[in-house]
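Position 429 of the sequence shown, counted from 1, bears residue number 429 in UniProt numbering, the numbering being contiguous throughout.
Notes to accompany the following structure.
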Amino acid sequence: MSVTSIPQDKTQAAQVAKKTFPVTGMTCAGCAMSVESMLKSAEGVIDAGVNFANQTAWAQYDEKRTSPSDLQKSIRAIGYDLIVDVDNPSEVQEELQLKNYNAVKQRTIWASVLAFPVFIIGMFFMDMPYGTWISMILTAPVLFWFGRSFFINAWKQASYGKANMDTLVALSTGIAFLFSAFNTIYPEFWHRRGLHPHVYYEAASVIIAFISLGKLLEEKAKSNTSSAIKKLMGLQPKTVRVLINGSEQEIPVASVAKGNIIILRPGEKVPVDGVVTSGSSYVDESMITGEPVPVLKQKEDKVFAGTVNQKGSFQFLAEKVGSDTLLAHIIKMVQEAQGSKAPVQKLVDKIAGIFVPSVMGIAVLTFIMWMLLGGDNAFTHALLTSVTVLVIACPCALGLATPTAIMVGVGKGAENNILIKDAESLELGHKINAIILDKTGTVTEGKPVVNQMIWDAEAGNNEDYKKVLYSLEIQSEHPLAEAVVNNLKAEGIQGASLSSFESLTARGVKGLYDGKTYYAGNRKLIDENEVIISPSMVEKAKELQQKANTVIYFADEEKVLSVIAIADKVKASSTAAIRDLQSMGISVYMLTGDNSQTAAAVAKEIGLTRFKAEVLPSEKADFIKELQSAGKVVAMVGDGINDSHALAQADVSIAMGKGSDIAMDVAKITLITSDLQSIPKAIRLSKKTVQTIKQNLFWAFIYNVIGIPLAAGVLYSFNGFLLNPMIAGAAMALSSVSVVSNSLRLKSVKL
Numbered sequence: 001m002s003v004t005s006i007p008q009d010k011t012q013a014a015q016v017a018k019k020t021f022p023v024t025g026m027t028c029a030g031c032a033m034s035v036e037s038m039l040k041s042a043e044g045v046i047d048a049g050v051n052f053a054n055q056t057a058w059a060q061y062d063e064k065r066t067s068p069s070d071l072q073k074s075i076r077a078i079g080y081d082l083i084v085d086v087d088n089p090s091e092v093q094e095e096l097q098l099k100n101y102n103a104v105k106q107r108t109i110w111a112s113v114l115a116f117p118v119f120i121i122g123m124f125f126m127d128m129p130y131g132t133w134i135s136m137i138l139t140a141p142v143l144f145w146f147g148r149s150f151f152i153n154a155w156k157q158a159s160y161g162k163a164n165m166d167t168l169v170a171l172s173t174g175i176a177f178l179f180s181a182f183n184t185i186y187p188e189f190w191h192r193r194g195l196h197p198h199v200y201y202e203a204a205s206v207i208i209a210f211i212s213l214g215k216l217l218e219e220k221a222k223s224n225t226s227s228a229i230k231k232l233m234g235l236q237p238k239t240v241r242v243l244i245n246g247s248e249q250e251i252p253v254a255s256v257a258k259g260n261i262i263i264l265r266p267g268e269k270v271p272v273d274g275v276v277t278s279g280s281s282y283v284d285e286s287m288i289t290g291e292p293v294p295v296l297k298q299k300e301d302k303v304f305a306g307t308v309n310q311k312g313s314f315q316f317l318a319e320k321v322g323s324d325t326l327l328a329h330i331i332k333m334v335q336e337a338q339g340s341k342a343p344v345q346k347l348v349d350k351i352a353g354i355f356v357p358s359v360m361g362i363a364v365l366t367f368i369m370w371m372l373l374g375g376d377n378a379f380t381h382a383l384l385t386s387v388t389v390l391v392i393a394c395p396c397a398l399g400l401a402t403p404t405a406i407m408v409g410v411g412k413g414a415e416n417n418i419l420i421k422d423a424e425s426l427e428l429g430h431k432i433n434a435i436i437l438d439k440t441g442t443v444t445e446g447k448p449v450v451n452q453m454i455w456d457a458e459a460g461n462n463e464d465y466k467k468v469l470y471s472l473e474i475q476s477e478h479p480l481a482e483a484v485v486n487n488l489k490a491e492g493i494q495g496a497s498l499s500s501f502e503s504l505t506a507r508g509v510k511g512l513y514d515g516k517t518y519y520a521g522n523r524k525l526i527d528e529n530e531v532i533i534s535p536s537m538v539e540k541a542k543e544l545q546q547k548a549n550t551v552i553y554f555a556d557e558e559k560v561l562s563v564i565a566i567a568d569k570v571k572a573s574s575t576a577a578i579r580d581l582q583s584m585g586i587s588v589y590m591l592t593g594d595n596s597q598t599a600a601a602v603a604k605e606i607g608l609t610r611f612k613a614e615v616l617p618s619e620k621a622d623f624i625k626e627l628q629s630a631g632k633v634v635a636m637v638g639d640g641i642n643d644s645h646a647l648a649q650a651d652v653s654i655a656m657g658k659g660s661d662i663a664m665d666v667a668k669i670t671l672i673t674s675d676l677q678s679i680p681k682a683i684r685l686s687k688k689t690v691q692t693i694k695q696n697l698f699w700a701f702i703y704n705v706i707g708i709p710l711a712a713g714v715l716y717s718f719n720g721f722l723l724n725p726m727i728a729g730a731a732m733a734l735s736s737v738s739v740v741s742n743s744l745r746l747k748s749v750k751l
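So, in C-alpha cells, the structure goes:
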C-alpha cells in the first residue's frame, strides 16, 4: 500500500492510500458494476475500480475519512464482501470460494431433486388428487430455502435502486408461486367467475434449479482456477545457505539481506539477484530469456532469482532482495497486466439491466390497463395477464443462450486438443487480427539437436573418433554436449576409455586417448591450442552458422577433425499453420530472445517477414501494447515463464501444452499438443461459437418480443385472444429447448 499526502486546500491535507482487496460473492459483470459504484460512492473514496476477471477491487481513499473496514461494510450492504486485514487475503479468498462452491452444490442438488417431481406433476399429471398441494409443499423449500440467495440478493439490490438477473428470477418465480399458492388454497375465487385456477409450481421450481446449476458451473470454474502468481512465487526457495562470519548457516529467504554471501549447490534455485564471487556453473535462465540452453556463470556474472543452477556450485553476493528482484518484477508485471483488463461485460447481464425493469414496467402497465379497460372481469384479466407477462419473460432462454453455446464450444475444443479456460477468450477469438508467436518451444521444438556432423576428408577412421567424441561429451557439463551424445547414441556408438579428462570453462573439454590429446568445444578452444583448421572446414562452419546453427569443433592436437551443427529444429506444423493464419487475414509476428541471425534464419524458413530478435519479456508485453493501441486484437502464443507477462497482456493468450506450468496457468487457451495447426482451429471454433451465441440470443429475444405483447393481451380487442399462463409456461420451456438444441449443433461442426 502506498501512502502520500496531497493538499486539498490551505488548511487541510488528505492522507491518500491506494489498496487492492479480494472480493467475494461476485457472479456477473453486473455484480462488479454494483461493487464499483458502491465503492466510488463511499465517503472518503477518491476513485475505485473492480476487476471481475480476478475477483479484486482497488480503492484510492482518504485514510482520515474512511478505512478498509468502512469500505467492507458498504460492500456487505449489497450482498458482497471485501477481504481486509488478513495476512494471506488470496488464500482466504480461495477458501471462501471453495466453501461457497460446496454450498451452491448442495443447494443445486436438493433443488433439482425436489423440482423433478413437481415438473412431472405439472406437465403430465395436472389433475391427480392433491397434486397442486404436493407441488406447493415441494416447491416452497426450492424457492425459499435452496433458492433464497436469489431473493436476498434481489432485495439488497432493490434497496439501493439496482436490479440484476437475481431480481428477475426472484420476481418471476415469487409471483408465480404466490399466484399458484392462492389458486391452490382458494380455487373458489376463480370457480365463481367461471374460470379454472391454474398453478405454475413447475415453472418456478425448474427455473430455480436451472439457474442454480448455472451458478454452480461458475463457482466450479472459480474454485478450480490455479493462481499463476502463486506458482511464480513458488520459484523462490523457502530457505538459503549463507556465509556468516565464515560459517555456513541456513536461513529463511525472507531474512536474506543485501550484501550476504549465498552458497548455491547443484540443482538449486537462485533465491535472490546477485553477482558471482567464486566458482562457476551453467544456469537455466529460460524463465527470463525463453532460450533452452543454460548460460555459463562465473566470477562477476549476474544471477537472477528463480533461475535454476545446473551441475556446478558457486557463491554469489546478494544485490537485490525481496520486491527488488527480477522475479518480483515479473510477478508485479503479470499482476498489473491481469488487473488492467476491463471486467468481462457479459452481454446477458447488460441486457438484464434494461430487460428486468422493462418487464416489471410492462407487467404493471398491463395490470393498470386491464383495470381501466377490462370491463366486468377487469381484475381477473388484469391479474392473469400481468402474471403471464412475468412468467413468459422468464430469463431462462436468455440465461442459457451464452453458457450452453460456450459449454459445447469448449467440449468441441477439447476434442481437438484445445483446452479453453474461459468464455471471454472463446468469444474474443474470432476478432483476432494479430498473432505473436514465441520462437523457442512454440515455432521450434525447444530442444537442441545435431543437424549435421561434417568430418574432414582426411580424418581416417570416423568410428574411432566418434567413440572419443562420445566419451568427451558424455562427461561434459555443457548442455549442448547432450545433443551430441544423443546423436552418437542413435548411431550405436559406445565410448572409449580416456586416460584423462578436463573441463575447460567457457571453452569446452579435452581428454587423452591412446597417448593423444583430443578437444571438443568452441572456436576459442581451437585457436588457443593452435589447432589447424583446413580452409574447407572454415567455410563449412561459416555456412552452418549462417543457417542459425551453433557450431562445435572436434579436433586432435594437430587439426580439426569435425564440425558439428546444433540447432533447435522448426516444428513440422509451423509453416503450414502460419500460412493458414495469414490466409485468414491475420498478421503474424515472431518474437524471440535469441540472436538476430538465428531469428532471421527461422523466420525465412517458416515464411515470416515480421519478427524481432533479442527481445526481453517486458519488451514482448510492450510490443503487444503497441499493437493494441493501434486497434489490433492481439493473441500471444508462448510456452515459457518468460512469456507469462506477454500472455497476461494479450487479448487472447494461448499456451503450448508442453510448456511451463506458469505459461499454461496465465494463458486462457492451452494447446494439448505442440501442433500449431490447433491455433487456426481455435479461431474457427471461436467464430462458430459466437455465431451460435448470436443465433441463440436472437431466438430468445424474438420469443420475448412476440410473447410478452401476446401475454399482455394486445390481441384481445381484435379477436378476444388471451394467452393462457400454462401455454406461456410451455412456450418458456420451448424457448429454452430451442436454445439448447441450437447449441448442440456445434458438436457436428468441422474445424
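No residue lacks a Cβ here, since even glycine has one placed at the ideal position from N, Cα and C.
Here the structure is a predicted model, which means the values were calculated and not measured.
Look at Phe554 and Leu469 and say whether their C-beta atoms are less than 9 Å apart.
Translated into the one-based positions of the sequence shown, residue 554 becomes position 554. Translated into the one-based positions of the sequence shown, residue 469 becomes position 469. In contact: Phe554 and Leu469 (Cβ atoms closer than 9 Å).
Could you please give me the residues that DSSP links to Val468 through a beta bridge?
By one-based count along the sequence shown, residue 468 stands at place 468. Paired residues: none, contrary to the question.
Run the CB neighbour count on Met1, radius 10 Å, all protein chains shown included, and call it buried at 16 or more, exposed below.
To locate residue 1, count along the sequence shown from 1; it is residue 1. At Met1 the pLDDT is 40, less than 50, meaning the model places this residue with poor confidence; the figure from the coordinates comes in the next sentence. That one is exposed.
Who pairs with Tyr513 in a beta bridge, going by DSSP?
One-based indexing of the sequence shown puts residue 513 at position 513. Answer by DSSP bridge pairing, in chain order: Lys516.
Where Lys668 sits in the DSSP three-state scheme:
By one-based count along the sequence shown, residue 668 stands at place 668. For Lys668, the three-state secondary structure derived from DSSP is coil.
Verify whether the separation of the beta carbon atoms of Ser686 and Ile432 is less than 9 Å.
Here residue 686 refers to the residue found at position 686 when the sequence shown is read from its first residue. Here residue 432 refers to the residue found at position 432 when the sequence shown is read from its first residue. Yes, they are a contact pair.
Could you compute how far the alpha carbon of Met584 sits from the alpha carbon of Asn704?
Looking up residue 584 in the sequence shown gives position 584. Looking up residue 704 in the sequence shown gives position 704. Roughly 37 Å separates the two Cα atoms.
Can you give the beta carbon distance from Asp639 to Gly441, rounded, assuming they're within the 8 Å contact cut?
Start at 1 with the first residue of the sequence shown, and residue 639 comes out as number 639. Start at 1 with the first residue of the sequence shown, and residue 441 comes out as number 441. Correct: roughly 4 Å between the Cβ atoms.
Could you tell me whether the segment 113–122 touches the segment 132–141, using the rule of 3 or more Cβ pairs below 8 Å?
yes
Contacts around Val485, its chain only, beta-carbon distance under 7 Å, and the 5 residues preceding and following it disregarded:
For this step, residue 485 is matched to residue 485 along the sequence shown. Hits under 7 Å: Tyr470, Glu473, Ile474.
DSSP state of Met584 mapped onto helix, strand, coil:
For the purposes of this step, residue 584 is taken as residue 584 along the sequence shown, with counting starting at 1. Reduced to three states, the DSSP call for Met584 is coil.
What do you get for Tyr200, buried or exposed, if any count of 16 or more other CB atoms within 10 angstroms of its CB means buried?
Taking the sequence shown and counting its residues from 1, the one referred to as residue 200 is at position 200. The residue in question, Tyr200, is buried, as its Cβ has 16 or more Cβ neighbours within 10 Å.
Counting Cβ pairs, one atom from each stretch, are 3 or more of them under 8 Å apart for the segment 591–599 and the segment 540–551?
Yes: the two stretches touch, three or more of their Cβ pairs being nearer than 8 Å.
Spell out a yes or no on whether the segment 402–409 and the segment 600–616 are touching, meaning 3 or more CB-CB pairs, one atom from each, closer than 8 Å.
no
Tell me, to the nearest whole angstrom, how far the beta carbon of Ala565 is from that of Leu544; I am working on the premise that it is less than 8 Å.
Here residue 565 corresponds to residue number 565 of the sequence shown, with the count starting at 1. Here residue 544 corresponds to residue number 544 of the sequence shown, with the count starting at 1. Confirmed, about 4 Å.
Measuring only the C-alpha atoms, how far is residue 752 from Ser629?
This structure cannot speak to residue 752, because the chain is shown only from 1 to 751.
Tyr61 (DSSP reduced to helix, strand or coil)
Start at 1 with the first residue of the sequence shown, and residue 61 comes out as number 61. Residue state, collapsed to three classes: strand.
Who are the Cβ neighbours of Asp580 in its own chain at under 6 Å, not counting the five residues just before and after it?
Stepping through the sequence shown from its first residue, residue 580 is reached at position 580. Correct list, in chain order: Pro680.
In its own chain, which residues sit with a C-beta less than 6 Å from the C-beta of Asp166, not counting the 5 before and 5 after it?
Here residue 166 is taken as the residue at index 166 of the sequence shown, counted from 1. Cβ neighbours of Asp166 beyond the five flanking positions: Phe150, Asn153, Ala154.
Those residues which DSSP pairs with Phe21 across a bridge
In the sequence shown, the residue the question calls residue 21 occupies position 21. DSSP lists Ala57 as partners of Phe21.
From Leu751 to Ser678, what distance separates their C-alpha atoms?
Along the sequence shown, read from residue 1 onward, the residue named residue 751 stands at position 751. Along the sequence shown, read from residue 1 onward, the residue named residue 678 stands at position 678. Cα to Cα, the separation comes out at about 9 Å.
Whole angstroms is fine: what's the gap from Leu715's alpha carbon to Gln55's?
Residue mapping note: residue 715 aligns to position 715 of the sequence shown, counting from 1. Residue mapping note: residue 55 aligns to position 55 of the sequence shown, counting from 1. Rounded to whole angstroms, Leu715 to Gln55 spans 48 Å at the Cα level.
Among Gln15, Met33, Gln649, whose alpha-carbon lies nearest the alpha-carbon of Val23?
If you number the sequence shown from 1, residue 23 lands on position 23. The candidate whose alpha carbon is nearest that of Val23 is Met33.
Kindly give me the distance between the Cβ atoms of Ile392 and Ala731, rounded to whole angstroms, as I take these residues to be in contact under 8 Å.
As a working note, residue 392 is residue 392 in the sequence shown. As a working note, residue 731 is residue 731 in the sequence shown. About 6 Å separates the two Cβ atoms, so the contact holds.
Is it true that the segment 272–282 meets the segment 318–325, where meeting means three or more beta-carbon pairs spaced less than 8 Å apart?
Contact holds: three or more Cβ-Cβ distances are below 8 Å.
Can you tell me whether Asn742 is buried or exposed? The criterion is at least 16 other CB atoms within 10 Å of its CB, across all chains shown.
On the sequence shown, position 742 is the one that residue 742 refers to. Around the beta-carbon of Asn742, 16 or more other beta-carbon atoms lie within 10 Å, marking it buried.
Cα-Cα separation between Gln494 and Lys297, rounded to whole angstroms:
The residue you call residue 494 lines up with position 494 of the sequence shown. The residue you call residue 297 lines up with position 297 of the sequence shown. Their Cα atoms are separated by approximately 31 Å.
Starting from Tyr589, follow its DSSP beta bridges and name the residues at the other end.
Residue mapping note: residue 589 aligns to position 589 of the sequence shown, counting from 1. Answer by DSSP bridge pairing, in chain order: Ile436.
Drop a sphere of 10 angstroms on the beta-carbon of Gly361, count the other beta-carbons inside from all chains shown, and report buried for 16 or more, exposed for fewer.
The residue given as residue 361 occupies position 361 in the sequence shown. Answer is exposed; the Cβ neighbour count stays below 16.
Using only CA atoms, which one of Ala567, Lys540, Gly413 lies nearest to Leu561?
Locating residue 561 in the sequence shown gives position 561, where the first residue counts as 1. Answer by Cα proximity: Lys540.
Quick check: the Cα distance between Asp284 and Glu268, rounded to an integer number of angstroms?
As a first step, residue 284 is located in the sequence shown; it is residue number 284 there, counting from the start. As a first step, residue 268 is located in the sequence shown; it is residue number 268 there, counting from the start. Rounded to the nearest angstrom, the two C-alpha atoms are 11 Å apart.
Between the CA atoms of Lys156 and Lys162 - distance to the nearest angstrom
Counting from one through the sequence shown, the residue named residue 162 turns up at place 162. Counting from one through the sequence shown, the residue named residue 156 turns up at place 156. If I take the Cα positions, the gap works out to 8 Å.
Run through DSSP, which three-state label would Gln597 get?
For this step, residue 597 is matched to residue 597 along the sequence shown. It is helical.
Can you round the beta-carbon distance between Val538 and Tyr519 to whole angstroms, since I take them to be within the 8 Å contact cut?
Stepping through the sequence shown from its first residue, residue 538 is reached at position 538. Stepping through the sequence shown from its first residue, residue 519 is reached at position 519. So it is not a contact: roughly 16 Å between Cβ atoms.
Is Phe150 helix, strand or coil when you go by DSSP?
Walking along the sequence shown from the start, residue 150 turns up at place 150. The three-state secondary structure of Phe150, taken from DSSP, is helix.
Which value, in whole angstroms, describes the spacing of the CA atoms of Gly707 and Leu384?
In the sequence shown, counting from the first residue as 1, residue 707 sits at position 707. In the sequence shown, counting from the first residue as 1, residue 384 sits at position 384. Looking at the two C-alpha atoms, the distance is approximately 15 Å.
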